[in-house]
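Here the structure is laid out as structure tokens; the discussion comes afterwards.
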Amino acid sequence: MGEEDYYLELCERPVHFEKANPVNCVFFDEANKQVFAVRSGGATGVVVKGPDDRNPISFRMEDKGEVKCIKFSLENKILAVQRTSKTVEFSNFIPDSSQLEYTQECKTKNANILGFCWTSSTEIVFITDQGIEFYQVLPEKRNLKLLKSQNINVNWYMYCPESAVILLSTTVLGNVLQPFYFRAGTMSKLPKFEIELPAAPKSTKLNLSERDIAMATIYGQLYVLFLRHHSRTSNSTGAEVVLYHLPREGACKKTHILKLSRTGKFALNVVDNLVVVHHQDTETSVIFDIKLRGEFDGTVTFHHPVLPARSIQPYQIPVAGPAPVTSQSPVPCKLYSSSWIVFQPDIIISASQGYLWNLQVKLQPIVNLLPDKGRLMDFLLQRKECKMVILSVCSQMLSEPDRASLPMTATVFDKLNHEYKRYLDAEQSYMMAVEAGQSRSSPLLRRPVRTQAVIDQSDMYTHVLSPFTEKKAMPHKFVIAVLMEYIRSLNQFQIPVQHYLHELVIKTLVQHNLFYMLHQFLQYHVLSDSKPLACLLLSLESFYPPAHQLSLDMLKRLSTANDEIVEVLLSKHQVLAALRFIRGIGGHDNISARKFLDAAKQTEDNMLFYTIFRFFEQRNQRLRGKPNFTPGEHCEEHVAFFKQVFGDQALMKPTTF
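full-length UniProt numbering applies: residue 1 is where the sequence shown begins, and numbers increase by one.
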């Protein structure tokens, strides 16, 4: 399989740590995304590494027995270590603060601590088999203050740091889940919900395993993912992933079912809002996108994998060691190894090899694996790094041999402009709110983020449409149809069309001598009026004489552009046309005589100069009762030129009544 076939890969720069062995224990903290390598209980050193910190934290601890759990608070300020089922020990890592350890015992009698989670840099939650205890850590005083606790029988727990929600498995079967939400010193109990088990359990022992549950944020919403190994309906074979939407307020609801159509050992990740399901037996993975259309049965939406199952791209482990030794070839990494442990959202750890990877989605290979271009666009528009891939798909659709039909091209343009319009509207609402002074009264007012899914007209012009019009082999009718389709789509979404797109249409029409079509487009206002467009039309007069009149008509319609019309005509030495235009709109009494006489003189046409000179003499006579120019008009050199060419007697005599 070529590299272009794999749509999942492990990140290039993994976190490398000392492999797990009898002396070295490895722990992972999902909040800080840190790996702890604890040698001999910490006595011979603890090394802490995260994906972003290239400088590991190293320290030693006294070996007081086996470490069950070890985590830093957010910002690495305080270290918490659990060695027994009753207490957690704390050490400050704040400069200039006391280095002495302090401990906290769980409050509930006879309870065993299952683990703990930091919810901020100084707030921690103990989860025991009998409930939950929320503390504030006071590092200066070296003690903890209980903020809130709740008694509840707990089988196991799960924490989602992105949304600060802890999920507790309760009841005998373990399938009633109780979420708690933490924020700035407060603990809120959310409504509990029940996970539907595949069939009525025969026994009364724990049935819902922690292994089959994951929590992740997908498209900004928190979901609980349940891996159901056997479908509830007997007629469908294979496992499925059931998604329960867990809102901040209101009840948790089952919303999506992802059909896996196979059985065996699975693991879940979430990458770029996609649910990735790894299947160990076949060593392949599939991806699901809950935003794509599925089959809705009235309560839940059923989804199938977006693409055929594929393995993660083969990965070579670089050989570490002194430079001369590393010349040996890198070792292939065993993918889907039984020693892999998967954490949310996108982390894969191999404790036996000593690596932590982030899983990544590769978009380019997906382009060839998803033939339906409309569905492909829906998929790409939701991805983070999508802009260049979308533009390359648009170019590919307009090229042989993959040329798409015009209706499909129109569909794609509409999908892009729908997203573009949404951003423009959000930006406009924001600007209006700022102008109205709401930004001070409403702290929630935020400028809309321009994601890569916003493909604007300049992107399309530069990367797709302009290169497309330069392709010699492409039938010109198709080229013009595509350009007009894009303009139609912009108009449909009420997005003002930029003049450079109209210019591209006109240049393409002129190139193929399609003047009749150009005339029709302008006559029926298919191309919107603009000053740059009118100037372009004026420049086409030598190829197509009617372009001159079309241009003037357009400038007249723009009504604000009278001065520009005159300037454009004078620059093209069309002095009489300029004068006729200005008379037509009744502005000839206020125009500068000198400007027109300058332009007439530059044409080196003496009869034209005579006509213009005589016009202004008549204007002077009408307005001031005599034909002479006033000194303020600065026309002395033109009067001298007139006398030199036509003689003094040609000057107009004052008319007396």
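Even for Gly, the Cβ is constructed at its ideal location relative to N, Cα and C.
Contacts around residue i, its chain only, beta-carbon distance under 6 Å, and the 5 residues preceding and following it disregarded
{"i": "ALA599", "result": "LEU570, VAL575"}
{"i": "ASP648", "result": "none"}
{"i": "GLN344", "result": "ALA214, ALA216"}
{"i": "PHE182", "result": "THR119, ALA164"}
{"i": "LEU369", "result": "LEU307"}
{"i": "LYS191", "result": "For the record, residue 191 in the displayed sequence is Pro; it is not Lys. ALA251, listed in sequence order."}
{"i": "ALA267", "result": "HIS278, VAL342"}
Buried or exposed (CB count within 10 angstroms, at least 16 for buried), residue i
{"i": "VAL361", "result": "buried"}
{"i": "PHE296", "result": "exposed"}
{"i": "LEU623", "result": "exposed"}
{"i": "GLN644", "result": "exposed"}
{"i": "MET460", "result": "buried"}
{"i": "TYR219", "result": "exposed"}
{"i": "ARG383", "result": "buried"}
{"i": "ALA184", "result": "exposed"}
{"i": "VAL434", "result": "exposed"}
{"i": "SER489", "result": "buried"}
{"i": "LEU533", "result": "buried"}
{"i": "LYS189", "result": "exposed"}
{"i": "LYS145", "result": "exposed"}
{"i": "PRO14", "result": "buried"}
{"i": "residue 709", "result": "Only positions 1 to 657 of the chain appear in this structure, which leaves residue 709 out of reach."}
{"i": "ARG83", "result": "buried"}
{"i": "ASP29", "result": "buried"}
{"i": "GLN178", "result": "buried"}
{"i": "VAL325", "result": "Confidence at VAL325 is low in this model, with a pLDDT of 49, below 50, so its placement is unreliable and the value that follows should be read with caution. Burial call: exposed."}
{"i": "ILE348", "result": "buried"}
{"i": "GLU66", "result": "exposed"}
{"i": "HIS638", "result": "buried"}
{"i": "GLU138", "result": "A quick correction: the sequence has Leu, not Glu, at residue 138. Looking at its Cβ environment, which holds fewer than 16 other Cβ atoms inside 10 Å, LEU138 is exposed."}
{"i": "GLU133", "result": "buried"}
Cα-Cα separation between residue i and residue j, rounded to whole angstroms
{"i": "residue 680", "j": "HIS230", "result": "The structure shown has nothing for residue 680, since the chain only spans 1 to 657."}
{"i": "THR263", "j": "GLU194", "result": "23 Å"}
{"i": "GLY321", "j": "PRO330", "result": "With a pLDDT of 46 at GLY321, under the threshold of 50, the modelled position of that residue is not reliable, and no figure is offered here."}
{"i": "MET484", "j": "LEU651", "result": "57 Å"}
{"i": "GLY174", "j": "ASN207", "result": "6 Å"}
{"i": "ILE366", "j": "ARG60", "result": "48 Å"}
{"i": "VAL270", "j": "ALA216", "result": "7 Å"}
{"i": "MET397", "j": "HIS279", "result": "34 Å"}
{"i": "ALA111", "j": "SER97", "result": "32 Å"}
{"i": "VAL389", "j": "LYS148", "result": "50 Å"}
{"i": "VAL46", "j": "PHE36", "result": "7 Å"}
{"i": "ARG450", "j": "GLY584", "result": "48 Å"}
{"i": "ASP346", "j": "LEU356", "result": "10 Å"}
{"i": "ALA436", "j": "PRO448", "result": "17 Å"}
{"i": "ALA577", "j": "HIS548", "result": "11 Å"}
{"i": "TYR244", "j": "ALA473", "result": "53 Å"}
{"i": "THR282", "j": "CYS69", "result": "33 Å"}
{"i": "GLY131", "j": "SER91", "result": "25 Å"}
{"i": "HIS512", "j": "ALA481", "result": "14 Å"}
{"i": "GLN618", "j": "HIS502", "result": "43 Å"}
{"i": "TYR516", "j": "ASP553", "result": "17 Å"}
{"i": "VAL276", "j": "MET377", "result": "19 Å"}
{"i": "GLN492", "j": "GLU249", "result": "38 Å"}
{"i": "LEU608", "j": "GLU636", "result": "18 Å"}
{"i": "LYS556", "j": "PRO475", "result": "35 Å"}
{"i": "GLN99", "j": "ASP63", "result": "17 Å"}
{"i": "LEU628", "j": "LYS531", "result": "The displayed chain sequence assigns Asn, not Leu, to residue 628. About 37 Å."}
Proximal residues to residue i (C-beta, below 7 Å), its chain only, five neighbours per side dropped
{"i": "LEU274", "result": "ILE287, PHE288, ASP289, VAL361"}
{"i": "LYS626", "result": "ASN620, PRO654"}
{"i": "SER121", "result": "SER73, LEU74, GLU75, LYS77"}
{"i": "ARG228", "result": "PRO198, ALA239, GLU240, VAL242"}
{"i": "VAL568", "result": "CYS535, LEU538"}
Same chain only: Cβ atoms within 8 Å of residue i, ignoring 5 sequence neighbours per side
{"i": "THR469", "result": "VAL479, LEU483, LEU504, LYS507, THR508"}
{"i": "VAL510", "result": "LEU518, LEU540, PHE543, TYR544"}
{"i": "SER209", "result": "GLY174"}
{"i": "SER339", "result": "SER350, ALA351, SER352, GLN353"}
{"i": "HIS588", "result": "LEU579, ILE582, ARG619"}
Beta-carbon separation (whole angstroms), residue i vs residue j, contact threshold 8 Å
{"i": "VAL224", "j": "LEU307", "result": "Actually they are not in contact, since the Cβ atoms of VAL224 and LEU307 sit about 25 Å apart, beyond 8 Å."}
{"i": "VAL154", "j": "THR128", "result": "7 Å"}
{"i": "HIS304", "j": "LYS259", "result": "6 Å"}
{"i": "THR103", "j": "THR87", "result": "5 Å"}
{"i": "CYS394", "j": "VAL412", "result": "7 Å"}
Does the region 428-439 come close enough to the region 402-410 to have 3 or more Cβ pairs within less than 8 Å?
-> no
Touch test, the region 5-18 against the region 303-318, Cβ-Cβ under 8 Å, three pairs minimum | yes
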